Ligand SMILES: Nc1ncnc2c1ncn2[C@@H]1O[C@H](COP(=O)(O)OP(=O)(O)OP(=O)(O)O)[C@@H](O)[C@H]1O
Ligand SMILES: [Mg+2]
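Residue numbers (the UniProt record's numbering): 1 to 252.
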């Protein structure tokens, strides 16, 4: 990896300078963290799976006209993306009550919502990514009203796409988080779906058994995380045949 300049190392990915201006390389690590990095582990093969799955979802979104930062996958752990200015919000869409919303509002996990709920969290690890309203977002200048209209529309389109893709393979999309980036084209800016879409950032439940196939397996110690993600990849036809992801010799 010495050939590229490292821009940033986060909990799940490393960003390197890309080969062309305006591009960056995302390297997907095997590190898993939860509860604002209080719980940590290394899960063999997780980075390979998330790289593939994020490629799969972002490519599908691009194909239906939902703009994303994704350009191309480079290898098993890396993808080339457009460099963006990330809006400091985690945009969460919920179809079924779970996680922090269930806790906060006392709504039983698994309750189907009558309509998707979109929530915004301020991206700040030191503050624990607090829930914010559009009033905060406007008052502190994190995004304009036009941005918020575009973000809501992107979030709902991603929700419809992801819900359908998952439904087709017997998985319920309970909720997910996306990040939105600004890309500049001359005098214009537009918003694109950035960061990653993977089982790290979604809640995915098997429709028949209710089995969790997402990062809650790690958060709640429910079993082997790589096995759960491999199952999602297998159902979507994403992992090429005979490609073991847990064998260290095949990684990198
Ligand atoms: N296209 C992009 N251009 C610029 N930055 C991006 C792009 N896509 C994702 N990022 C940023 O790259 C980082 C990815 O690293 P990772 O997911 O490991 O971060 P993290 O530990 O979750 O930290 P953070 O709190 O910053 O999200 C995130 O900060 C994310 O916002
Ligand atoms: Mg992240």
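Positions of the beta carbon are idealized from the N, C-alpha and C atoms, including for glycine.
Computed from a prediction, not measured in an experiment: that's the story for all the values here.
Beta-ladder partner(s) of residue i, from DSSP
i	result
residue 173	204
residue 184	189
residue 9	14
residue 118	93
residue 79	26 and 73
residue 112	96
residue 31	42
residue 179	194
Nearest-angstrom Cα separation, counted from residue j out to residue i
i	j	result
residue 51	residue 76	7 Å
residue 185	residue 205	39 Å
residue 90	residue 56	21 Å
residue 108	residue 115	16 Å
residue 303	residue 189	With the chain represented from 1 up to 252, any question about residue 303 goes unanswered, as that position is not in the structure.
residue 36	residue 124	10 Å
residue 121	residue 156	16 Å
residue 280	residue 213	Since the displayed the chain opens at 1 and closes at 252, residue 280 lies outside it and no answer follows.
residue 10	residue 27	10 Å
residue 45	residue 80	19 Å
residue 78	residue 138	35 Å
residue 235	residue 93	23 Å
residue 175	residue 73	25 Å
residue 239	residue 14	22 Å
residue 49	residue 5	24 Å
residue 218	residue 38	12 Å
Residue i burial status per 10 Å Cβ neighbour count (16 or more: buried)
i	result
residue 64	exposed
residue 260	Residue 260 lies beyond the range of the chain shown here (1 to 252); nothing can be said about it.
residue 145	exposed
residue 85	exposed
residue 141	exposed
residue 198	buried
residue 59	exposed
residue 7	exposed
residue 42	exposed
residue 209	exposed
residue 227	exposed
residue 143	buried
residue 167	exposed
residue 216	buried
residue 195	buried
residue 61	buried
residue 191	buried
Residue i in three-state terms, based on DSSP
i	result
residue 66	coil
residue 103	helix
residue 238	coil
residue 134	helix
residue 232	helix
residue 212	strand
residue 197	coil
residue 86	strand
residue 60	helix
residue 149	helix
residue 227	helix
Under 8 Å between C-beta atoms of residue i and residue j
i	j	result
residue 96	residue 172	yes
residue 193	residue 154	yes
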